[in-house]
Amino acid sequence: MGQPRLPARRGLGGCVLVLLLLLGGSGSPGTTPPPRPPWAEEQGPDPEGTPWGTVRYEAVKKHLGAVGALSKQYWQYLACKVWQEGCEEGEKQREREGETGPILSWGFPLIGRDYLEILSSWYCSFGKCCETGDCRIINNITGLAADLSGQLHGQHLAKEVVVQAVQGFLQSPQPQKALVLSFHGWSGTGKNFVARMVANHLYRDGLKSDCVRVFVSLLHFPHHNYVDSYKVQLQRQISETLQRCGQPLLIFDEAEKLHSSLLDAIRPVLAQDDSKGQVDQQRPIFLFLSNLGGNTINEVALDFWRADRAREEISLELLEQRLRQELQDAAENAHSHLLRENLIDFVVPFLPLEYQHVKLCARDAFLARGLPYTEATLDKVAQMMVFVPKEEKLFSAQGCKSVSQRINYFLP
2 MGQPRLPARR
12 GLGGCVLVLL
22 LLLGGSGSPG
32 TTPPPRPPWA
42 EEQGPDPEGT
52 PWGTVRYEAV
62 KKHLGAVGAL
72 SKQYWQYLAC
82 KVWQEGCEEG
92 EKQREREGET
102 GPILSWGFPL
112 IGRDYLEILS
122 SWYCSFGKCC
132 ETGDCRIINN
142 ITGLAADLSG
152 QLHGQHLAKE
162 VVVQAVQGFL
172 QSPQPQKALV
182 LSFHGWSGTG
192 KNFVARMVAN
202 HLYRDGLKSD
212 CVRVFVSLLH
222 FPHHNYVDSY
232 KVQLQRQISE
242 TLQRCGQPLL
252 IFDEAEKLHS
262 SLLDAIRPVL
272 AQDDSKGQVD
282 QQRPIFLFLS
292 NLGGNTINEV
302 ALDFWRADRA
312 REEISLELLE
322 QRLRQELQDA
332 AENAHSHLLR
342 ENLIDFVVPF
352 LPLEYQHVKL
362 CARDAFLARG
372 LPYTEATLDK
382 VAQMMVFVPK
392 EEKLFSAQGC
402 KSVSQRINYF
412 LP
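Numbering (my numbering), first residue to last: 2 to 413.
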């Protein structure tokens, strides 16, 4: 008889074994090489020129069988940890075979927790295995609430409404429509700041995420003569974002300048019409940012100040009622139509910022750049801003918009 042929290792176990060998060779980085194969010690040296004997062949076959069985166990463990599949089946198999305890004491040094984490992270990069079902989505509501509380100054209404609205929408088992928030207030009061913060806490890559699209009316849709072309482009871009992500965030800055014809591209997603009987599993979030209503908000804040009442006493009900009336009476645009059709869930007012709020913004700007500051320095920064009305000089005309540039005057 000729020399016995080694059986070929086929199937999933063999493939996983090759993968593990490619990943780790004979062990984790830094480990010592594996000892000499045991069958080399079992038989002793062969005389030169003699073929492998039956005993040697059986020894090799035995060890290859053990390796194949072990690679199958590793595959089951990996599938359970990464894909959450086959966990119960693997446990039942181990019980039938009389095994107990965690599968971490195997002696075959091919893979460990580190490699499982690497494989898990690699698989997660395809967006299929996180708690949210998409690794691009993090939905850190606790972090959003904490950052709004610590970094957004003078906006008690915005802090409360944004957190509650977003949290309630994400926790709803089946939302009836998209979440639509409309931010209103003077420039520099924090509308873009909050929109960016929402993106940073809902998505791993923030505004750079594939799930986020930002549209600026005068930048993306500047000419009314091309509104039909803009509508086609906007429909395509929204559709592509919805296809890429089940929880898209769509931000429209300068919403008051959005042409009413563009509403045809936005309305179907806002309403989420399920007339076809299919449940839409997507959860779109829309943020509309507008300077409209700023004067109304400022008048209410000024009235409270003149009545010696704290601005924190201003309620959402009081401001929202006045804002909705003003916005519905505004010139024809997509934004006013959304209000009339009750497609906007929350009108979020941003109050004008006072002197102490500007000082807090200056402090944050110094801290963000790792620069030292004093109370006197913060006062000097705030004093450089323009305050209105002319008599009271109560509200910063620019909010905190140029504070980060102003601190350059105080650098050594």
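Ideal Cβ placement from N, Cα and C applies to all residues, glycine included.
Legend entry - Enclosing beta strand (DSSP E) for Ile286 [first to last residue]: Element bounds for Ile286: 286-291.
Inset, instruction - With a threshold of 16 other CB atoms inside 10 Å of the CB of Val181, please say whether the residue is buried or exposed. - result: By the neighbour-count rule (16 or more Cβ atoms within 10 Å), Val181 is buried.
Inset, instruction - Excluding the 5 residues preceding and the 5 following Gly108 in the sequence, name in chain order all residues of the same chain whose CB lies nearer than 7 angstroms to its CB. - result: At Gly108 the pLDDT is 39, less than 50, meaning the model places this residue with poor confidence and gives no usable figure here.
Legend entry - Three CB pairs or more closer than 8 angstroms across the region 403-411 and the region 364-375: Taking 8 angstroms as the limit for Cβ pairs, the verdict is that the region 364-375 does touch the region 403-411.
Legend entry - Start and end residues, beta strand (DSSP E) containing Leu180: Segment 180-185, the beta strand (DSSP E) holding Leu180.
Inset, instruction - Keeping to the same chain, check which residues put their C-beta closer than 6 angstroms to that of Lys360; ignore five residues upstream and five downstream. - result: Excluding residues within five positions, the ones whose Cβ falls inside 6 angstroms are Leu379, Ala383.
Inset, instruction - Following the continuous beta strand (DSSP E) through Pro353, name the residue where it begins and the one where it ends. - result: Counted as a single uninterrupted DSSP element, the stretch harbouring Pro353 is not any beta strand (DSSP E), since DSSP gives it neither H nor E.
Inset, instruction - Output the distance between the C-alpha atoms of Leu264 and Ala335, rounded to the nearest integer angstrom. - result: Leu264 and Ala335: Cα-Cα distance of roughly 5 angstroms.
Legend entry - CB of Leu271 within 8 angstroms of CB of Leu344, strictly: For Leu271 and Leu344, yes; Cβs fall inside 8 angstroms.
Legend entry - Per-residue burial, His224 [other beta carbons within 10 Å of its own, 16 or more giving buried]: Around the beta-carbon of His224, fewer than 16 other beta-carbon atoms lie within 10 Å, marking it exposed.
Legend entry - Bridge partners - Asp254, DSSP secondary structure assignment: Asp254 is bridged to Val217.
Legend entry - Residues that DSSP places opposite Ile138 in a beta bridge: Ile138 is bridged by DSSP to Tyr204.
Inset, instruction - List the DSSP bridge partners of Ser397. - result: The partner list for Ser397 (beta bridge, DSSP) reads Phe388.
Legend entry - Cβ pair count under 8 angstroms reaching 3, the region 288-297 against the region 322-336: Contact holds: three or more Cβ-Cβ distances are below 8 angstroms.
Inset, instruction - Check the C-beta distance from Leu329 over to Arg312 and give it rounded, since I have them as a contact under 8 angstroms. - result: At residue 329 the sequence reads Gln, which differs from the Leu that was named. About 26 angstroms separates the two Cβ atoms, so there is no contact after all.
Legend entry - Boundaries of the alpha helix (DSSP H) in which Pro269 is found, first to last residue: From DSSP, the alpha helix (DSSP H) with Pro269 extends over 264-272.
Legend entry - the region 160-168 / the region 136-150 touching (three or more Cβ pairs under 8 angstroms): The region 160-168 is in contact with the region 136-150.
Inset, instruction - Between the Cα of Gln282 and those of Asn409, Ser262, Pro176, spot the shortest distance and give me the residue it belongs to. - result: For Gln282, the nearest C-alpha among the options comes from Pro176.
Inset, instruction - Please list, in chain order, all residues of the same chain as Val215 whose beta carbon is under 6 angstroms from its beta carbon, the five residues on each side excluded. - result: Excluding residues within five positions, the ones whose Cβ falls inside 6 angstroms are Ile252.
Legend entry - C-alpha distance - Val163 paired with Val349, whole-angstrom precision: In a straight line, the C-alpha of Val163 is about 8 angstroms away from that of Val349.
Legend entry - Touching by the beta-carbon criterion (3+ pairs, under 8 angstroms), the region 142-161 and the region 188-208: Taking a cut-off of 8 angstroms on C-beta distances, the region 142-161 touches the region 188-208, as three or more cross pairs fall below it.
Inset, instruction - Pick helix, strand or coil for Ala166, following the three-state DSSP scheme. - result: Helix.
Legend entry - Own chain residues within Cβ distance below 8 angstroms of Asn193, not counting five before or after: The answer, listed in chain order, is Asp254, Leu290.
Inset, instruction - Check the C-beta distance from Gly189 over to Ala159 and give it rounded, since I have them as a contact under 8 angstroms. - result: That pair is no contact at about 14 angstroms.
Inset, instruction - Please determine, among Lys209, Tyr231, Val213, Asn299, the residue with the shortest C-alpha to C-alpha distance to Leu219. - result: Taking only the C-alpha atoms, the option nearest Leu219 is Tyr231.
Inset, instruction - Please confirm whether Val228 and Ser173 have their CB atoms less than 8 angstroms apart. - result: If you check the CB distance, Val228 and Ser173 do not come in under 8 angstroms.
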